[in-house]
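Remarks on the structure that follows.
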Amino acid sequence: GFGYLALASMLNDEAVSGRVRAADDVGLDASATNNPLAPRDPHFAPRAKRVIFLFMKGGPSHIDTFDYKPLLQRDDGKPLPFEKPRVQFAPTNNLLASPWKFQQYGECGQWVSELFPNVARHVDDLCMLHGVHGTNAAHGGALLKLHTGSDNFVRPSMGAWVAYGLGTENQNLPGFITICPTLAHGGVRNWGSAFLPAYCQGTPLGVASQPSSAATVRYAKNDRIAPAQQRRELDLLAEINREHLQQTGPNSALESRISSFELAFRMQMAIPRIQDISDESPETLKLYGMDETVTEDFGRQCLLARRFAEQGVRFIQVTHSDTNVQWDQHSQLKQGHEKNALEVDKPIAGLLTDLKQRGLLDDTLVV
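Heads up: the sequence shown begins at 5 in my numbering, then just goes up one per residue.
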């Protein structure tokens, strides 16, 4: 099973490195190294090597952002020309135009509302998909449908499938990291692995209800034991587990526990280095809006997403808003959307600019 093979791999790094080089020399697939998260060759030559998923909890209104409706402007206040869908909640049957102005940007002429002036400058690098619709009006069901494809059954999340299919390019980091995720409306199922191996599930860095500057991987830090002592303890534990597995055969629970211990140990060194943004230039920090209070929090998340992407993490999810502050404006649409857009517009544009400058946008899918 996975755990036994991973254990052997983790305890014999030099041997593994030799097998990887040998596999390359004879043209074998990376899976020949027995590492389940080793980078895999896809079925066809892809462009994207990683995904950065920007999740706006509650959902920005499409007709107020990137889906210009000139007829809606013309017919503002008029009755619906069709029966009002039952899933919609409104005091009247009248049409309501967007309160924001739209204009065209880029060579493609994409219409963008004044909510996103910075993102608008990147429209020639964007693909607007207007064919998506939802089937569940409830918060929890809608989030699960978005993240897992099902609102009724327990299914793996998008990030879990990507980690399962592509592995990770950095064995010191998970294949799937979710930065400041929301714990509401589906919770951990939104980044879970379901029936896929446990190593595919997302590793949460912080939670949405806390500032991203305070985000940590829970239980990954150990202030009581020196790294060298931890290494010796893990080696002893691994040897005991190895003997147990040899006597009893594959055990999925133990295998997952072994891999989690080892990955957590390596993450203690890797993740703090990535979270330390002191090596970023003032220009880069300003690009993400780190110099302004209103954009600092989400800007940090976007910057961390770029840093994790550089280090080989396959799927990075970034979350804006939590249960109390979100895009789902049941009232005060103008006030709420303007506040939310102001918090994310500059950081998103900064992320796209930074990725492009570093050559990462060519093989990074930003959703």
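Beta carbons: idealized from backbone N, C-alpha and C, even for Gly.
Looking at the unbroken beta strand (DSSP E) that takes in R54, where does it start and where does it end?
In the sequence shown, the residue the question calls residue 54 occupies position 50. Per DSSP, R54 belongs to the beta strand (DSSP E) from R54 to M60.
Quick one, which of F57, L133 and I352 has its alpha-carbon nearest H151's?
Walking along the sequence shown from the start, residue 151 turns up at place 147. Considering only alpha carbons, the answer is F57.
Identify the continuous beta strand (DSSP E) that holds V322 and give its terminal residues.
The residue labelled residue 322 in the question sits at position 318 within the sequence shown. Residues F319 to H324.
Segment limits, beta strand (DSSP E) that includes W115:
By one-based count along the sequence shown, residue 115 stands at place 111. First-last of the beta strand (DSSP E) with W115: Q114 to S117.
DSSP state of I278 mapped onto helix, strand, coil:
For the purposes of this step, residue 278 is identified with residue 274 of the sequence shown, where counting begins at 1. Looking at I278 - three-state DSSP - the assignment turns out to be helix.
Could you tell me the distance, in whole angstroms, from the CA atom of V158 to the CA atom of W165?
Position 154 of the sequence shown, counted from the first residue, corresponds to residue 158. Position 161 of the sequence shown, counted from the first residue, corresponds to residue 165. If I take the Cα positions, the gap works out to 13 Å.
Is the beta carbon of T186 sitting closer than 8 Å to the one on K82?
For this step, residue 186 is matched to residue 182 along the sequence shown. For this step, residue 82 is matched to residue 78 along the sequence shown. Contact: no.
Evaluate N344 with the Cβ neighbour count: other Cβ atoms within 10 Å of its Cβ, from every protein chain shown; 16 or more gives buried, anything less gives exposed.
On the sequence shown, position 340 is the one that residue 344 refers to. Its Cβ being crowded by 16 or more others within 10 Å, N344 is buried.
Determine which residues share a DSSP beta bridge with N98 and list them.
As a first step, residue 98 must be located in the sequence shown, where it is residue number 94. Partner(s): P83.
Less than 7 Å between C-beta atoms, sequence neighbours within five positions excluded: which residues of the same chain meet that for Q339?
Looking up residue 339 in the sequence shown gives position 335. Excluding sequence neighbours, Q339 sits near nothing in its chain.
Give the single residue among H248, T288, D332 and L364 whose Cα lies nearest to the Cα of S350.
The residue given as residue 350 occupies position 346 in the sequence shown. In the sequence under discussion, the amino acid at residue 350 is Lys, which differs from the Ser named in the question. Of H248, T288, D332 and L364, the residue nearest in Cα terms is T288.
Cβ pair T368, C184 closer than 8 Å
In the sequence shown, counting from the first residue as 1, residue 368 sits at position 364. In the sequence shown, counting from the first residue as 1, residue 184 sits at position 180. Result no, Cβ atoms of T368 and C184 do not sit closer than 8 Å.
Between which residues of its own chain and A167 is the CB-CB distance below 7 Å, once the five residues before and five after are set aside?
Locating residue 167 in the sequence shown gives position 163, where the first residue counts as 1. Excluding positions up to five away in sequence, the list reads G179, F180, C204, R318 and F319.
Going by C-alpha to C-alpha distance, which of G171, A218 and M294 sits closest to D45?
Indexing the sequence shown from 1 puts residue 45 at position 41. When each option's Cα is compared against that of D45, the closest is G171.
Cβ-based burial, N156 [other Cβ within 10 Å; buried from 16]:
Within the sequence shown, numbered from 1, the residue matching residue 156 stands at position 152. Answer is exposed; the Cβ neighbour count stays below 16.
What's the gap between the Cα of D80 and the Cα of L130?
Indexing the sequence shown from 1 puts residue 80 at position 76. Indexing the sequence shown from 1 puts residue 130 at position 126. Distance between the alpha carbons of D80 and L130 is about 29 Å.
Rounded distance between the beta-carbons of A218 and G210, thought under 8 Å
Counted from its first residue, the sequence shown places residue 210 at position 206. Counted from its first residue, the sequence shown places residue 218 at position 214. Right, their Cβ atoms sit about 7 Å apart.
Top-ranked residue by Cα proximity to A101, from T69, N122, W331 and V123:
As a first step, residue 101 must be located in the sequence shown, where it is residue number 97. A101 has its Cα closest to that of T69, out of T69, N122, W331 and V123.
Label V136 either buried or exposed according to how many other C-beta atoms from any shown protein chain fall within 10 Å of its C-beta, with 16 as the threshold for buried.
Against the sequence shown, residue 136 aligns to sequence position 132. Looking at its Cβ environment, which holds fewer than 16 other Cβ atoms inside 10 Å, V136 is exposed.
If you compare alpha carbons, which of K73, Q250, P85 and A124 is closest to P103?
Walking along the sequence shown from the start, residue 103 turns up at place 99. With distances taken between Cα atoms, P103 lies closest to K73.
Selected residue, minimal CA-CA separation from G377, among H143, P64, W195 and S260:
The structure shown has nothing for residue 377, since the chain only spans 5 to 371.
8 Å Cβ cutoff met for V127 and Q114
On the sequence shown, residue 127 is found 123 positions in, with the first residue counted as 1. On the sequence shown, residue 114 is found 110 positions in, with the first residue counted as 1. Against a cut-off of 8 Å, the Cβ pair of Q114 and V127 comes out as a contact.
Decide yes or no for the touch test of the region 350–359 against the region 298–313: beta carbon pairs closer than 8 Å, at least 3 of them.
yes
Can you give the Cα-Cα distance for N176 and F312, rounded to whole angstroms?
To locate residue 176, count along the sequence shown from 1; it is residue 172. To locate residue 312, count along the sequence shown from 1; it is residue 308. Looking at the two C-alpha atoms, the distance is approximately 11 Å.
Mind reading off the beta-carbon distance from C306 to L355? Whole number of angstroms is fine, and I expect it under 8 Å.
Here residue 306 refers to the residue found at position 302 of the sequence shown. Here residue 355 refers to the residue found at position 351 of the sequence shown. Between L355 and C306 the Cβ distance is about 4 Å, and since that is below 8 Å, they are a contact.
Which runs of the beta strand (DSSP E) spanning at least 3 residues fall entirely within the region 200–256, listed in chain order?
207–209
Status (buried if at least 16 other CB within 10 Å, exposed otherwise) for H341:
In the sequence shown, the residue the question calls residue 341 occupies position 337. Result: buried.
Do you know how far the Cα of S216 is from the Cα of G293?
The count along the sequence shown starts at 1 and reaches residue 293 at position 289. The count along the sequence shown starts at 1 and reaches residue 216 at position 212. Whole-angstrom Cα-Cα distance: 14 Å.
Kindly indicate which three-state DSSP category Y292 falls into: helix, strand or coil?
Here residue 292 refers to the residue found at position 288 of the sequence shown. If DSSP states are grouped into helix, strand and coil, Y292 belongs with coil.
Rounding to the nearest angstrom, what Cα-Cα distance links R246 and A124 in this structure?
Sequence index remark: in the sequence shown, residue 246 carries index 242 (1-based). Sequence index remark: in the sequence shown, residue 124 carries index 120 (1-based). Using only the alpha carbons, I get a separation of about 55 Å.
If you draw a straight line from the C-alpha of L76 to the C-alpha of N97, how long is it?
Looking up residue 76 in the sequence shown gives position 72. Looking up residue 97 in the sequence shown gives position 93. Going by the C-alpha atoms only, they are around 14 Å apart.
C-alpha gap between E173 and K105, whole angstroms
For the purposes of this step, residue 173 is taken as the residue at position 169 of the sequence shown. For the purposes of this step, residue 105 is taken as the residue at position 101 of the sequence shown. Between E173 and K105, the C-alpha separation is close to 44 Å.
Among L147, L133 and M132, which residue has its Cα nearest to the Cα of T139?
Here residue 139 is taken as the residue at index 135 of the sequence shown, counted from 1. The shortest Cα separation from T139 among L147, L133 and M132 belongs to L147.
Tell me the rounded alpha-carbon separation between L133 and R222.
Translated into positions along the sequence shown, residue 133 becomes position 129. Translated into positions along the sequence shown, residue 222 becomes position 218. C-alpha separation (whole angstroms): 36 Å.
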